[in-house]
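Take the sequence shown: its position 121, counting from 1, is numbered 141 in the working numbering, and each next residue is one higher.
All remarks here apply to the structure that follows.
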Amino acid sequence: MKRRASWVIVLATRLGEVKRAMAWRSRSAALFAAAFLSGGLGLGGALLAQEAKSDPAKKANKERVIKVTAKRFVYTPNEIVVKKGQKVVLEFTSVDFVHGFKIPDMDLRADLPPGKLTRVAINADKVGVYDFLCDNFCGADHEEMSGRIVVTN
Ligand SMILES: [Cu+2]
21 MKRRASWVIV LATRLGEVKR AMAWRSRSAA LFAAAFLSGG LGLGGALLAQ
71 EAKSDPAKKA NKERVIKVTA KRFVYTPNEI VVKKGQKVVL EFTSVDFVHG
121 FKIPDMDLRA DLPPGKLTRV AINADKVGVY DFLCDNFCGA DHEEMSGRIV
171 VTN
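So this is what it looks like as structure tokens:
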């Protein structure tokens with residue numbers, strides 16, 4: 021009789037455990053379904069944003085825009101330092117003449133008409149120093165109109 025009673029207790033305890041486990045399971049299933057249905061896209065977006073935030077390579081690859089002014093006979097700034105592999109766009113404004121921006125070692129050139137933004141994407145995939153100049157004759161000190169782009173690691 022005593023033995024039987026203790027079995028009943030064991031059984032009852034077990035049943036309670038199973039019930040609790042089942043309740044927990046259905047609750048998490050419901051939570052999962054709710055999250056999946058209501059926030060699937062939002063959650064995905066949030067995860068992607070989080071990933072982009074935590075990944076320095078992705079962060080570094082955001083386009084960097086550098087404003088440059090062209091004026092007889094100077095580019096300002098005339099020294100531009102960029103990181104290797106970074107997407108860089110030079111955004112030129114000429115104030116007085118159609119200067120000709122040229123980077124011989126990047127095989128790149130563009131006319132810079134005054135009063136207009138001229139965007140030039142540069143390919144900074146190799147470390148080095150790249151001289152630039154003006155290749156449209158713009159006056160007495162035209163030969164002085166130059167600068168350099170330094171690509172660093
Ligand atoms: Cu010039």
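Quick reminder that beta carbons are idealized off the backbone N, C-alpha and C, glycines included.
(1) By Cβ distance below 6 Å, which residues in the same chain neighbour LEU132 in space, the five residues on each side in sequence not counted?
(2) Can you give the beta carbon distance from VAL108 to ILE142, rounded, assuming they're within the 8 Å contact cut?
(3) Smallest Cα separation from TYR150: which of ASN156, ALA130, GLU163, VAL171?
(4) For a quick check, are the C-beta atoms of GLY167 and PHE152 less than 8 Å apart?
(5) Could you tell me the alpha carbon to alpha carbon distance between GLY148 and ALA160, rounded to whole angstroms?
(6) Would you say the beta carbon of PHE112 is closer than 7 Å to some non-hydrogen atom of ligand 1?
(7) ALA130 to LYS104, Cα distance in whole Å?
(8) What are the start and end residues of the beta strand (DSSP E) that includes PHE152?
(9) So for ASP125, helix, strand or coil by DSSP?
(10) GLU164 by DSSP, collapsed to three states: which one?
(11) Alpha carbon to alpha carbon, how far is LYS82 from ASP145? Give it in angstroms, no decimals.
(12) Just the Cα atoms here: how many angstroms apart are VAL101 and ASP127?
(13) Quick check: is any heavy atom of ligand 1 less than 7 Å from the C-beta of ASN156?
Judging by the given coordinates:
(1) Counting from one through the sequence shown, the residue named residue 132 turns up at place 112. Answer for LEU132: ALA90, PHE112, SER114, HIS119, PHE121, THR138, listed in chain order.
(2) As a position in the sequence shown, residue 108 is number 88, starting the count at 1. As a position in the sequence shown, residue 142 is number 122, starting the count at 1. Rounded, the Cβ-Cβ distance is 5 Å, consistent with contact.
(3) The count along the sequence shown starts at 1 and reaches residue 150 at position 130. It is VAL171.
(4) In the sequence shown, residue 167 corresponds to position 147, counting from 1. In the sequence shown, residue 152 corresponds to position 132, counting from 1. Taking 8 Å as the Cβ cut-off, GLY167 and PHE152 qualify as a contacting pair.
(5) Your numbering for residue 148 matches position 128 in the sequence shown. Your numbering for residue 160 matches position 140 in the sequence shown. Each residue's Cα considered, the two are about 30 Å apart.
(6) Sequence index remark: in the sequence shown, residue 112 carries index 92 (1-based). For ligand 1, not one heavy atom lies less than 7 Å from the Cβ of PHE112.
(7) As a working mapping, residue 130 is identified with position 110 in the sequence shown. As a working mapping, residue 104 is identified with position 84 in the sequence shown. Taking the straight line from one Cα to the other gives about 22 Å.
(8) Working through the sequence shown from its first residue, we reach residue 152 at position 132. Looking at the DSSP string, the run of the beta strand (DSSP E) that includes PHE152 is 148–154.
(9) By one-based count along the sequence shown, residue 125 stands at place 105. Residue state, collapsed to three classes: helix.
(10) Residue numbering aside, residue 164 sits at position 144 when the sequence shown is read from its first letter. In this structure, GLU164 counts as helix in the three-state DSSP scheme.
(11) As a working mapping, residue 145 is identified with position 125 in the sequence shown. As a working mapping, residue 82 is identified with position 62 in the sequence shown. For ASP145 and LYS82, the distance between alpha carbons rounds to 15 Å.
(12) Counted from its first residue, the sequence shown places residue 101 at position 81. Counted from its first residue, the sequence shown places residue 127 at position 107. VAL101 and ASP127: Cα-Cα distance of roughly 18 Å.
(13) Here residue 156 refers to the residue found at position 136 of the sequence shown. The answer is yes for ASN156.
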